[in-house]
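Engineer: Quick one: the structure is below, and I'll ask about it shortly.
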Amino acid sequence: MFVTNKCQCKECQNPALSVIRDNEIIPHEPGFCFEHTEDKIGHLTSLLNYINSHEKIIGLCAYGISVNGVDLSGKKFYGCNFQHSTFSNIHSIGLKFKICTLDFSTFSDCDMLNSDIQFSSFSGSKFIHVVFTGSDLVHNNYNGITAYQCSFDDSDFYNSRFIRAILMNTSMKNCNLKKAIFYNSAREHVSFKLSNTREALIDRNKSGLIEDFSESEGEDEL
């Protein structure tokens with residue numbers, strides 16, 4: 001897992017960015033978070049160069065960074081921290097995340113096809129025009145996310161959680177939803193066609209849903 005060092009700026013509770021020297025991560029060296037880093041461009045360039053030059057990235061702390069127009073195809077991230085980060089125009093095939101934290105991040109206009117993401121957290125994140133088609137997205141935390149005009153078609157969501165999530169104009173066609181939890185979620189114009197919705201976990205006793213799974217769960221758009 002990533003090593004958490006607090007930002008050296010007084011009263012800041014954010015974790016410090018990983019320090020990259022000689023193209024290797026120095027996890028225990030004190031530093032600053034992205035907000036309080038004097039040379040933001042230089043530090044971001046250093047992090048991106050490290051990612052670009054390594055297929056496997058372990059224990060990287062990149063809290064609060066902004067990434068635009070990067071190809072992450074084939075990259076493997078283990079135990080990394082990308083909380084409160086922004087990803088835009090990311091295009092990748094075969095991206096892998098294991099035990100990573102991406103809470104409260106924003107993804108916009110991204111293609112992340114055939115991803116393998118497991119035991120990771122996206123709690124409170126926003127997905128806008130994002131495509132995850134053909135991905136393994138199991139044992140993940142999507143609690144409180146907002147997904148707008150996204151596609152998760154042909155993906156496996158086994159044992160993932162969407163508690164209090166907001167899903168709008170989004171497609172989850174032909175997905176494995178076994179043990180996926182949708183308690184208190186709001187779903188508007190979401191397609192679950194050919195998905196095994198009867199094996200998803202839905203608390204029908206809670207009010208406030210925009211719409212609910214219908215009797216023809218695996219065929220209709222909601």
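Read left to right, the sequence shown gives residues 1 to 222 (the UniProt record's numbering). Backbone N, C-alpha and C fix where the C-beta goes; we use that ideal spot for every residue, glycine too.
#1: As a quick exercise: from S73, D203, C80, A200, pick the residue whose alpha carbon is nearest that of G64.
#2: Sorted by chain position, which residues of the same chain lie with C-beta nearer than 7 Å to S195's C-beta, five sequence neighbours on each side aside?
#3: Would G69 and N89 be called neighbours here (beta carbons separated by less than 8 Å)?
#4: Drop a sphere of 10 angstroms on the beta-carbon of F132, count the other beta-carbons inside from all chains shown, and report buried for 16 or more, exposed for fewer.
#5: What is the C-beta distance between F107 and F127, in whole angstroms, given that I count them as a contact (C-beta under 8 Å)?
#6: Between the Cα of L113 and those of L95, F122, F119, S121, spot the shortest distance and give me the residue it belongs to.
#7: Return the bridge partner residues of I128 from the DSSP annotation.
#8: Between D136 and D111, how many whole angstroms is the CB-CB distance? I'm expecting something under 8 Å.
#9: On the criterion of 16 or more Cβ atoms from any shown chain inside 10 Å, does G208 qualify as buried, or is it exposed?
#10: Would you kindly work out how many angstroms separate the C-alpha atoms of I51 and C61, rounded to a whole number?
#11: Jot down the residue ranges of each uninterrupted alpha helix (DSSP H) in the segment 32-115, minimum 4 residues, whole runs only, in chain order.
Structural biologist: Put simply:
#1: As a working note, residue 64 is residue 64 in the sequence shown. The shortest Cα separation from G64 among S73, D203, C80, A200 belongs to C80.
#2: On the sequence shown, position 195 is the one that residue 195 refers to. Apart from the 5 residues on each side of it in sequence, S195 sits with its Cβ closer than 7 Å to the Cβ of M172, K173, N174, C175, L177, G218 in its chain, given in chain order.
#3: For the purposes of this step, residue 69 is taken as the residue at position 69 of the sequence shown. For the purposes of this step, residue 89 is taken as the residue at position 89 of the sequence shown. Their beta carbons are under 8 Å apart, which means G69 touches N89 by this criterion.
#4: As a position in the sequence shown, residue 132 is number 132, starting the count at 1. Answer is buried; the Cβ neighbour count reaches 16.
#5: For the purposes of this step, residue 107 is taken as residue 107 along the sequence shown, with counting starting at 1. For the purposes of this step, residue 127 is taken as residue 127 along the sequence shown, with counting starting at 1. About 5 Å separates the two Cβ atoms, so the contact holds.
#6: Taking the sequence shown and counting its residues from 1, the one referred to as residue 113 is at position 113. Comparing Cα-Cα distances from L113 to each of L95, F122, F119, S121, the minimum goes to L95.
#7: Indexing the sequence shown from 1 puts residue 128 at position 128. Looking at the DSSP assignment, I128 forms a beta bridge with S108, Y148.
#8: As a first step, residue 136 must be located in the sequence shown, where it is residue number 136. As a first step, residue 111 must be located in the sequence shown, where it is residue number 111. Actually they do not touch by this definition, with Cβ atoms about 16 Å apart.
#9: Here residue 208 corresponds to residue number 208 of the sequence shown, with the count starting at 1. Because the pLDDT at G208 is just 43, under 50, the model does not fix this residue reliably, and the value given afterwards should be weighed accordingly. Its Cβ having fewer than 16 others within 10 Å, G208 is exposed.
#10: As a working mapping, residue 51 is identified with position 51 in the sequence shown. As a working mapping, residue 61 is identified with position 61 in the sequence shown. Distance between the alpha carbons of I51 and C61 is about 12 Å.
#11: 40-53
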